[in-house]
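Mapping of the sequence shown onto this note's numbering: position 31 corresponds to residue 1370, and the numbering continues sequentially without gaps. All remarks here apply to the structure that follows.
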Amino acid sequence: MPRIAGRNFLFVPGPTNVPDRVLRAMMVAMEDHRSSKFPELSRSVLSDLKKVFKTTEGQAFIFPSSGTGAWEAALTNTLSPGDKVLASRFGQFSHLWVDMAQRLGYDVEILEVEWGEGVPLDRVEEALRADKQHKIKAVLACHNETATGVTSDIAGVRRVMDAARHPAMLFVDAVSSLASIDFRMDEWQVDIGITGSQKGLMLPAGLGIVCASKKALAAMQTAKSKRCYFDLNDMIKANATGYFPYTPALAMLYGLRESLNTIFEEGLDNILSRHHYLAEGVRAAVMKGWGLKLCAKEPKWYSDTVSAIMVPEGINGAQVIDVAFKRYNLALGAGLSKVAGKLFRIGHLGDLNELMLMGAIAGAEMAMLDVGVKVKPGSGVGAASDYWRNNDPVSKKKADKEAVYATGPTF
Ligand SMILES: *Cc1c(COP(=O)(O)O)cnc(C)c1O
């Protein structure tokens, strides 16, 4: 029987749910991207993106690509072939960025870290101190490793770079953290922040976004790596007049305008708190309710945008995901590469609230029961409900005083 009625519950950690108002904003007729009116749109999104990166010093760039293209833009615009970079690898995304850097011809010093942990600050500091001749040109850090649900301490990376008095640039993959986990480009002196449109920005996939510091833009002047489509110089020239060097993804830019409006209406810092609060509810379901473990080894690594949930020995995580999809119309994230079959992921970023997540928790629980995981029915939802009911981020007292539910017209 085809499952047609009701909506699909999309709980992969990207693409995330696109708010209806953003979908509507993208339903536009095509227009001339060289018109005298177009710069209004391009200038407004380029300048407002900087607020999301928390930078006044940096410059934002938008490519019609996914986050992977933004990784490539960061590397090829600032480095020369053979340049050394330092990267830690602890999941599929940090791995893919390392792999790209190697394939582009850079010399990558890799710090191998157990999956479930994040950037090892002490080892980064050690590697930088050992590099007396300052051969390392950039430190690459994956802020939120989406494959394992691990968030790294980027302020800490800056701290150890400064402690080692190392002049390397700091490049941060913020694809699954921007606009959902605190990211402070200026304060942490990040030289390039990278994101894609389909995660915290609540858009379809299709934009690769880079935000570059003055130091990164200066490095571009001597960087000899071959680049063409992703050349920031071309972007800088065209953006200066409000245009793009090639046809921009127009509907996506209208969507981005509306998603930025949504973000500023809720307030970026409120969004960050909401993500933490929602994530805590999911973690309560996983650990208190189901008695399962997260892939993230310690609370300091817990991600507020995605939880990677270890399934018990003898259970295939892929089967949980398949049953959830086929029977309950719920899309959960898969275990990737090394952790394939060992876990499933619940994405909790973007346009979400408690009850949407209740659907995901209930569905994951039903699918687990269906494939033989011995969790107590209702335990996940119960634990999340306990957490959310007792930790309302909007002052509870205020709500109680004001809330008088209308029972009918008063004359
Ligand atoms: C999604 C993601 C990417 C980029 O993936 P694309 O599919 O190219 O957008 C990169 N890094 C992390 C941490 C991600 O979550």
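Each residue gets a CB set at the ideal place from its N, CA and C atoms; glycine is no exception.
Is residue i near ligand 1, judged by its Cβ being under 7 Å from some heavy atom?
{"i": "Cys-1481", "result": "yes"}
{"i": "Phe-1432", "result": "yes"}
{"i": "Lys-1538", "result": "yes"}
{"i": "Ser-1405", "result": "yes"}
{"i": "Val-1458", "result": "no"}
{"i": "Glu-1484", "result": "yes"}
{"i": "Asp-1492", "result": "no"}
{"i": "Gly-1535", "result": "yes"}
{"i": "Val-1514", "result": "yes"}
{"i": "Gly-1353", "result": "yes"}
{"i": "Ala-1588", "result": "no"}
{"i": "Ala-1555", "result": "no"}
{"i": "Gly-1618", "result": "Note on identity: in this sequence residue 1618 is Ala, with Gly being the wrong assignment. It does not: the Cβ of Ala-1618 is nowhere closer than 7 Å to a heavy atom of ligand 1."}
{"i": "Ala-1670", "result": "no"}
For the candidate residues the options, whose alpha-carbon lies nearest to that of residue i?
{"i": "Pro-1638", "options": "Glu-1370, Gln-1398, Glu-1456", "result": "Glu-1456"}
{"i": "Gly-1397", "options": "Ser-1405, Leu-1388, Leu-1414", "result": "Leu-1388"}
{"i": "Trp-1522", "options": "Ile-1493, Asn-1600, Asp-1501", "result": "Per the sequence shown, residue 1522 should be read as Phe rather than Trp. It is Ile-1493 whose Cα lies nearest to the Cα of Phe-1522."}
{"i": "Glu-1619", "options": "Ser-1564, Leu-1696, Ala-1503", "result": "Leu-1696"}
{"i": "Asp-1422", "options": "Gly-1408, Lys-1474, Gly-1406", "result": "Lys-1474"}
{"i": "Arg-1428", "options": "Asp-1512, Lys-1563, Lys-1576, Glu-1379", "result": "Asp-1512"}
{"i": "Lys-1627", "options": "Gln-1658, Ala-1706, Val-1714, Pro-1651", "result": "Val-1714"}
{"i": "Glu-1652", "options": "Tyr-1667, Tyr-1641, Lys-1632", "result": "Lys-1632"}
{"i": "Leu-1708", "options": "Trp-1727, Pro-1732, Tyr-1726, Gly-1656", "result": "Gly-1656"}
{"i": "Pro-1543", "options": "Glu-1605, Leu-1509, Ala-1590, Met-1524", "result": "Ala-1590"}
{"i": "Arg-1468", "options": "Asn-1609, Ala-1502, Arg-1497", "result": "Ala-1502"}
Kindly identify the DSSP beta-bridge partner or partners of residue i.
{"i": "Gly-1532", "result": "Val-1511, Cys-1550"}
{"i": "Tyr-1582", "result": "Beta-bridge pairing links Tyr-1582 to no other residue."}
{"i": "Ser-1646", "result": "Ile-1685"}
{"i": "Arg-1428", "result": "Glu-1451"}
{"i": "Thr-1490", "result": "Asn-1483"}
{"i": "Gln-1398", "result": "Ala-1551"}
{"i": "Ala-1670", "result": "Leu-1349"}
{"i": "Ile-1520", "result": "Partner(s): none; Ile-1520 has no beta bridge."}
{"i": "Val-1478", "result": "Leu-1425, Leu-1509"}
{"i": "Leu-1633", "result": "Ile-1648"}
Would you tell me roughly how many angstroms separate the C-alpha atoms of residue i and residue j, rounded to the nearest one?
{"i": "Met-1649", "j": "Pro-1358", "result": "30 Å"}
{"i": "Ser-1646", "j": "Lys-1376", "result": "43 Å"}
{"i": "Ser-1724", "j": "Val-1625", "result": "12 Å"}
{"i": "Met-1365", "j": "Ser-1598", "result": "10 Å"}
{"i": "Ser-1491", "j": "Tyr-1568", "result": "31 Å"}
{"i": "Ala-1557", "j": "His-1505", "result": "17 Å"}
{"i": "Arg-1342", "j": "Val-1662", "result": "13 Å"}
{"i": "Arg-1368", "j": "Pro-1403", "result": "Position check: residue 1368 holds Ala in this sequence, whereas Arg was assumed. If you take the alpha carbons of Ala-1368 and Pro-1403, they lie about 18 Å apart."}
{"i": "Val-1463", "j": "Val-1499", "result": "7 Å"}
{"i": "Ile-1531", "j": "Ala-1426", "result": "14 Å"}
{"i": "Leu-1671", "j": "Phe-1348", "result": "9 Å"}
{"i": "Asn-1692", "j": "Ile-1685", "result": "14 Å"}
{"i": "Phe-1602", "j": "Ser-1386", "result": "This sequence places Ile at residue 1602; Phe is not what is there. Going from the Cα of Ile-1602 to the Cα of Ser-1386 covers about 14 Å."}
{"i": "Trp-1436", "j": "Gly-1721", "result": "39 Å"}
{"i": "Leu-1479", "j": "Gly-1345", "result": "42 Å"}
{"i": "Ala-1486", "j": "Ser-1374", "result": "42 Å"}
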